[in-house]
Amino acid sequence: MDYNQAYALNRALRTIGMRHRSLAATELNRLGLAIGQESLIMELANQGPRTQAQLATAAGCEPPTITSAVQKLEALGLVSRRPSTKDRRATVVELTVKGESLLEGLSAAWIHLAESTVAGLSRTKVEDMIETLDDLAASLETAARDLDARRPT
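Each residue of the sequence shown is one higher than the last, beginning at 4 in the working numbering.
Have a look at this one:
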């Protein structure tokens, strides 16, 4: 890949990321949520009660980040925490009734965001794009693992 192609690719990805995040923030703000909180709510809705460690793994972030996010969601009354019955060191997080009441609005917001993102594209192009984006995500995951493996310990 030459510099011009690399520049065009990186610029496009950066622009898409910034604009998508901005639209997502607007959609989430209408629900009283901040970026990142929706992924925890959706994970709990899809998987049921999870430990904070499981949430960190699913979100791809460090446990202290999840602890802070869960505390904020708990303060909003959207999740509750309790000690695990299987591991005294673990805390289990689950949606409250108030958290569950956001799911319909959250789904609608995510559909609206996706539709806005691909407006004007054919169904076939959208399906191809999803496949390409999944491939890009896998490439980035591999690159991140390779970088971690080369870091001095």
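The C-beta atom is built at its ideal place from N, Cα and C for all residues, glycine as well.
Taken through DSSP and simplified to helix, strand or coil, Ser83 comes out as strand. The C-beta separation of Gly39 from Ala72 comes to about 6 Å, placing the pair in contact by the 8 Å criterion. The Cβ-Cβ distance between Glu30 and His115 falls below 8 Å. For Val73, the three-state secondary structure derived from DSSP is helix. Contact between Ala48 and Leu106 holds: their C-beta atoms lie close to 5 Å from each other, under 8 Å. If you check the CB distance, Val96 and Val82 come in under 8 Å. In the three-state DSSP reduction, Val121 falls in the coil class, being neither helix nor strand. According to the DSSP assignment, Glu97 belongs to the beta strand (DSSP E) that extends over 94-98. Using a 10 angstroms sphere on the CB of Ala147, the tally of other CB atoms stays under 16, which defines it as exposed.
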